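For reference, the structure discussed in these notes is given below.
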Amino acid sequence: MGSMQVVFWALFVFHVCGSQKVKRQKETEFVDKYGTCLQGPPGNQGRDGNPGVNGIPGTPGIPGRDGLKGEKGECVSERFEDPWRPNFKQCAWNSLNYGIDLGKIADCTFTKLRSDSALRVLFSGSLRLKCRSACCQRWYFTFNGAECAGPLPIESIIYLDQGSPELNSTINIHRTSAVEGLCEGIPAGLVDVGIWVGTCADYPKGDASTGWNSVSRVIIEELPK
1 MGSMQVVFWA LFVFHVCGSQ KVKRQKETEF VDKYGTCLQG PPGNQGRDGN
51 PGVNGIPGTP GIPGRDGLKG EKGECVSERF EDPWRPNFKQ CAWNSLNYGI
101 DLGKIADCTF TKLRSDSALR VLFSGSLRLK CRSACCQRWY FTFNGAECAG
151 PLPIESIIYL DQGSPELNST INIHRTSAVE GLCEGIPAGL VDVGIWVGTC
201 ADYPKGDAST GWNSVSRVII EELPK
């Protein structure tokens, strides 16, 4: 080995050893200053851990403040049931001239829409009673063949007292009269409304006449209770 080679080798060894010495010195100064080792290269990313348990419920928050006062609303009356619709019917006859003393005179079929309503009925027509001795006749309504029970029958009577046989034999007065009333408790559906003539209690019948020489009518109207 020549002298130049010896010198080059010596410089190389000095450089390498010096560099290592300086590196170790800097590492020692870093550990002394920060109390930790130098960070190595990052490792592989770990897996996610198991979910944690629920934490302790927090304390209630502070109550909020009252909002601004709203505008005054409109007063509206609400009805949740169906509005009431008028429901009525009229049956009319020209000169019935019905001379029976006992039985049905006429009828009029009506469709009742509600069970909780009442029926107002009216018969208007000429009535007459004739007899030689005291007598009484009764005109009344039936509903599907039965008299009103809610609350009482709907009727009208004519009573003729005993007078002289001569006068009673000639009395024959026809007057337009009315039989009218309200009946409750009738179910909804078809209702056969009839007008009848019969006797009064404890009195004999006379010679009755209904609807002579004039118009007779039955008016039926359903009313809310």
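According to UniProt numbering, the sequence shown is numbered sequentially starting from 1. Glycine included, each C-beta is placed from N, C-alpha and C at the ideal position. Keep in mind the model is a prediction, meaning the values are calculated, not measured.
Take every Cβ of the stretch 83-92, pair it with every Cβ of the stretch 150-158, and state whether three or more of those distances are shorter than 8 Å.
These segments do not touch.
Please tell me whether L190 and T142 are closer than 7 Å, where the distance is taken between their beta carbons.
Result no, Cβ atoms of L190 and T142 do not sit closer than 7 Å.
Express the C-alpha separation of G49 and F12 in angstroms, rounding to a whole number.
With a pLDDT of only 49 at F12, under the threshold of 50, the placement of this residue in the model should not be trusted; the figure read from the coordinates follows. Going from the Cα of F12 to the Cα of G49 covers about 53 Å.
According to DSSP, is V215 helix, strand or coil?
Strand.
Going by DSSP in three states, Y98 sits in which element: helix, strand or coil?
Correct three-state label for Y98: strand.
State the DSSP-derived secondary structure class of T109, mapped to helix, strand or coil.
DSSP places T109 in strand when its eight states are reduced to three.
If contact is defined by three or more beta carbon pairs under 8 Å, each pair taking one atom from either stretch, is the stretch 65-72 in contact with the stretch 186-203?
No, the stretch 186-203 does not touch the stretch 65-72.
Is I158 near L129, with beta carbons less than 7 Å apart?
Going by C-beta atoms, I158 is nearer than 7 Å to L129.
Among P60, D101, R85, whose alpha-carbon lies nearest the alpha-carbon of C131?
Here the closest residue by C-alpha is D101.
Go to L190, then tell me how far its beta strand (DSSP E) extends in each direction, as first and last residue.
Counting along the chain, the beta strand (DSSP E) containing L190 begins and ends at 189-199.
Span of the beta strand (DSSP E) holding C183?
From DSSP, the beta strand (DSSP E) with C183 extends over 175-183.
When you compare the CB positions of S117 and P224, do they come within less than 7 Å of one another, or not?
Against a cut-off of 7 Å, the Cβ pair of P224 and S117 comes out as a contact.
Is it true that the CB of S126 sits closer than 7 Å to the CB of W212?
Yes. Within cutoff.
Is V121 helix, strand or coil when you go by DSSP?
Three-state DSSP puts V121 in a strand.
So C135 is in the beta strand (DSSP E); what residue range does that whole segment cover?
Start and end: 135-143.
Given this structure, state the Cα-to-Cα distance separating C135 from V179, to the nearest angstrom.
Cα-Cα distance, rounded: 19 Å.
Would you mind sorting S216 into buried or exposed? The rule is 16 or more other CB atoms within 10 Å of its CB.
Classification for S216: buried.
Between which two residues does the beta strand (DSSP E) harbouring T210 extend?
Its beta strand (DSSP E) spans residues 207-210.
Is it buried or exposed for A208, if we count other Cβ within 10 angstroms and need 16 for buried?
A208 comes out buried.
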